[in-house]
Structures are given as C-alpha cells and as structure tokens.
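>
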Amino acid sequence: MRTVGSAVRRAAVAAAGLVLLAGCGGGAGGRDGGGKDDGAGKGERPGGPARGASATTHLKNIPEVGTALRSRIPADSRQVVAVYGRDADSADATVVLYEKGAKGWDQKGSWAAHNGRRGWTVNHHEGDKRSPVGVFTLTDAGGVLADPGAKLPYTHSSAFTPPSYWSKNTRHDFDYVVAINYNRVKGTSPLDPSRPEGQPKGGGIWLHMDHGSGTSACVSVSKAGMQALLRALDPARHPVVVMGDKAHLAA
Numbered sequence: 001m002r003t004v005g006s007a008v009r010r011a012a013v014a015a016a017g018l019v020l021l022a023g024c025g026g027g028a029g030g031r032d033g034g035g036k037d038d039g040a041g042k043g044e045r046p047g048g049p050a051r052g053a054s055a056t057t058h059l060k061n062i063p064e065v066g067t068a069l070r071s072r073i074p075a076d077s078r079q080v081v082a083v084y085g086r087d088a089d090s091a092d093a094t095v096v097l098y099e100k101g102a103k104g105w106d107q108k109g110s111w112a113a114h115n116g117r118r119g120w121t122v123n124h125h126e127g128d129k130r131s132p133v134g135v136f137t138l139t140d141a142g143g144v145l146a147d148p149g150a151k152l153p154y155t156h157s158s159a160f161t162p163p164s165y166w167s168k169n170t171r172h173d174f175d176y177v178v179a180i181n182y183n184r185v186k187g188t189s190p191l192d193p194s195r196p197e198g199q200p201k202g203g204g205i206w207l208h209m210d211h212g213s214g215t216s217a218c219v220s221v222s223k224a225g226m227q228a229l230l231r232a233l234d235p236a237r238h239p240v241v242v243m244g245d246k247a248h249l250a251a
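The sequence shown begins at 1 in full-length UniProt numbering and counts up one residue at a time.
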C-alpha cells in the first residue's frame, strides 16, 4: 500500500480539486448525479454475464467480451474490471472483477452499477453524458475517506468533496474513487486535471460510489464494491477496466 503524502503534493491536489470535480465524468459544470436516470427501473436486472459456477471460474476469456476489445487487454494484465452496460442508451450496468490464475480467469466479485446517464459511446466528448467504450488501465486511486487498504497509490484529500451546489444524493460519490485512464496522465492523483488529448475529449472519468442513478460518464458501484475493488486492485497485476454496452463489448 502506498499513500501520496508530501505537503506540496497535497496543496497542488487541493487547488486542482474543485476544477476537476466540476468536470468529473465529462466536463466543466457536470453534476455527476444530477438529472434523471435514463436507465431501467430499480427492479430490472442490468446486463452482465450468466451466473453459475461454470461461468465464473477457470475461464479462457472474459465472458461476453469479443476480439476487438479482448485484443486491447495487455498481455501482462491479470486483473480485469468488466463493466457490462445493459444497452447503448441505458445507465444500468454490472461490474465484475476477474483475476487470472494458472487455470484461467476467475470471477472475484460482482456489483450492480451505473454508467453515463445517456449510455455509452465510442467517441466520448465533454458533456455528452455517455461513458466511453474501451479498455483503460487503472493506476491511481483516492477519496474523501481515508485509505481503506488500497494497493494502488491513494490520494486522501477533502478536495474530492463534491461542490455544495450538487444534489444531496451525490455528497458521498467521491468518498472512494479509482481513476480510469481515459485522457489523463497515468501515475498522478485522480485530482490531476491534465487532459493530454485536449479538453474537448472530456476526462475525470472514475470508478466511484453509487448514488442510485446514472452519472455524467463515470462508473459507480456501492461503497462495499468500491472498498473491495480498492483492496483487490494490484499494480503488480496490471489491472484494466473493459467497459461498454453489451453490443460493443461483444464485437
């Protein structure tokens, strides 16, 4: 476990915090929990792999992920967070953690989740309220709450606190986060506002805590799910997230 610690680093992170949170999941002014969820009602089951022992242990490949995205998973990656979006315009998803062992991929956990409130896109841009389809590395974490035992470098800072004008149900969204390496600098705090591909491509896309509906572009899971992911994701296993709606995942 490593914790980002110097006073200079914390000051820089705090200064960038509100700027980044204002654009979390897609761009300036985005409210990651604002607006109505465009996904299914709470009683409906989101997309994801079939349940059952035969579908969750010693798998040759990650279930329901076709060759297009599978080929983008680094050869040395032994941890995959698969985000199974229900469909292209839905905010409902399932997050599943897989780890690769000597006999193949094993499922280690599964959680109900949400993605961008307008669904998914292969060409994400700032403010479109859709999550980007793709394979992205996971290298950095943080949150308002103290490090729960993360193996990824963890930035503990009040700068993650959402602005007061966000809706009340989003107040704890960023208690725990894992940065998704979409248009960001790997190896920096999730609060780093840098956008190597330019601001129009959006950024600040994270795994974070769920508030019960769609996001601006992030992927959200329960507090228990975030704690489990933070404790499991290991830089030595080169974790990645594979994310998208069912049709794009299967391509």
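Beta carbons: idealized from backbone N, C-alpha and C, even for Gly.
May I ask you to list the residues that DSSP assigns as paired with Pro-132?
According to DSSP, which records beta bridges pairwise, Pro-132 is partnered with Thr-121.
> Could you check the C-alpha separation between Leu-97 and Val-133 for me, to the nearest Å?
Taking the straight line joining both Cα atoms gives about 17 angstroms.
> Inspect the beta-carbon positions of Ile-73 and Val-240 and report whether they are closer than 8 angstroms.
Yes, the Cβ-Cβ distance between Ile-73 and Val-240 is below 8 angstroms.
> Since Gln-107 and Thr-170 are thought to touch, with beta carbons under 8 angstroms apart, how far apart are those beta carbons, to the nearest angstrom?
Not really, about 30 angstroms apart at Cβ, beyond 8 angstroms.
> So the alpha helix (DSSP H) His-238 belongs to, where does it begin and stop?
Here His-238 belongs to no alpha helix (DSSP H), and DSSP marks it neither H nor E.
> Please name the residue in Gly-198, Lys-223, Val-135 whose C-alpha comes closest to that of Arg-70.
Here the closest residue by C-alpha is Val-135.
> Give the C-beta separation of Ala-93 and His-114 to the nearest angstrom, bearing in mind that I take them to be a contact with Cβ-Cβ under 8 angstroms.
Indeed they touch by this definition, with Cβ atoms about 6 angstroms apart.
> Over what stretch of residues does the alpha helix (DSSP H) that includes Ala-224 continue unbroken?
Ala-224 -> alpha helix (DSSP H) spans 223-232.
> Taking only the alpha-carbon atoms, compute the straight-line gap between Gly-104 and Thr-67 and give it to the nearest angstrom.
Their backbone Cα atoms lie some 17 angstroms apart in a straight line.
> State the Cα-Cα distance for the pair Thr-137 and Glu-99, rounded to the nearest angstrom.
Rounded to the nearest angstrom, the two C-alpha atoms are 15 angstroms apart.
> Helix, strand or coil for Ala-247 per DSSP?
The answer is helix: DSSP assigns Ala-247 an H, G or I state.
> Tell me which residues share the same chain as Val-144 and place their Cβ nearer than 7 angstroms to its Cβ, disregarding the 5 neighbours each side in the sequence.
Counting only Cβ-Cβ distances below 7 angstroms, and skipping sequence neighbours, we find Ser-158, Phe-160, Thr-161, Phe-174, Asp-175.
> Taking C-alpha atoms, which residue in Tyr-84, Thr-139, Ser-77, Arg-130 lies nearest to Tyr-154?
Of Tyr-84, Thr-139, Ser-77, Arg-130, the residue nearest in Cα terms is Thr-139.
> Could you give the residue range of the alpha helix (DSSP H) that holds Ala-68?
67-70 is the extent of the alpha helix (DSSP H) around Ala-68.
> Roughly how many angstroms separate the alpha carbons of His-211 and Lys-168, rounded to a whole number?
The alpha-carbon atoms of His-211 and Lys-168 are separated by roughly 10 angstroms.
> Verify whether the separation of the beta carbon atoms of Val-122 and Leu-249 is less than 8 angstroms.
Contact flag unset, no.
> Going by C-alpha distance, which of Gly-214, Leu-229, Ala-251 is nearest Asp-89?
Here the closest residue by C-alpha is Gly-214.
> Could you tell me the alpha carbon to alpha carbon distance between Pro-200 and Arg-130, rounded to whole angstroms?
Each residue's alpha carbon lies about 14 angstroms from the other.
> Just to confirm the assignment: which complete beta strand (DSSP E) runs, minimum length 3, are found wholly within the segment 157-198?
You should have 177-179.
> Can you tell me whether Asn-183 is buried or exposed, with buried defined as 16 or more other CB within 10 angstroms of its CB?
With 16 or more Cβ atoms within 10 Å of its Cβ, Asn-183 is classed as buried.
> Give me the Cα-Cα distance between Arg-117 and His-172, rounded to the nearest whole angstrom.
Between Arg-117 and His-172, the C-alpha separation is close to 18 angstroms.
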